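Student:
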């Protein structure tokens, strides 16, 4: 039997924040992801949405592997059907390795919508 927190429930944001903080700290302490000056910006979160930012596909896969480990340790699941990857820069259209999360392949996209933008 699976249990979770009801969508829109009063405790949902607080419980999610408690769980996700462990993932953010794990990513931050790993040294993976982007930084701006001394500020870690490799993992941005709002509500139940997470954005991972890295400078390479290889580093992104390592970050996703940490997310996989977190999901097993904490017994949560990431929805790979709603997860996408977007590459930015002069080589954005070069064929590269698939990114995987929870044994699923993450689709590369040319654009995305985050928080309605």
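Residue numbers (the working numbering): 205 to 321.
C-beta atoms are modelled at their ideal positions from N, C-alpha and C, and glycine is treated no differently.
Bear in mind that the values here come from a model prediction, so they are computed numbers and not experimental data.
Between residue 305 and residue 272, is the Cβ-Cβ spacing less than 8 Å?
Tutor: A contact, by the Cβ cut-off of 8 Å.
Student: Let me check understanding here. Comparing Cα to Cα, which of 243, 316, 284, 257 lies closest to residue 237?
Tutor: Of the listed residues, the one whose Cα sits closest to residue 237 is 257.
Student: Taking residue 270 as the reference, give the member of 218, 303, 243 with the closest Cα.
Tutor: Out of 218, 303, 243, 303 has the C-alpha closest to the C-alpha of residue 270.
Student: May I ask you to list the residues that DSSP assigns as paired with residue 289?
Tutor: Paired residue(s): 312.
Student: With a floor of 3 residues, list each beta strand (DSSP E) that falls wholly inside the segment 224-279, ordered by position along the chain.
Tutor: Listed in chain order, the complete beta strand (DSSP E) runs (minimum 3 residues) inside the segment 224-279 are 247-250, 253-256.
Student: Can you tell me which of the three DSSP states residue 319 falls into?
Tutor: Correct three-state label for residue 319: coil.
Student: When the Cα of residue 227 is compared with those of 268, 260, 300, 213, which residue comes out closest?
Tutor: It is 268 whose Cα lies nearest to the Cα of residue 227.
Student: Could you check the C-alpha separation between residue 251 and residue 318 for me, to the nearest Å?
Tutor: Their Cα atoms are separated by approximately 12 Å.
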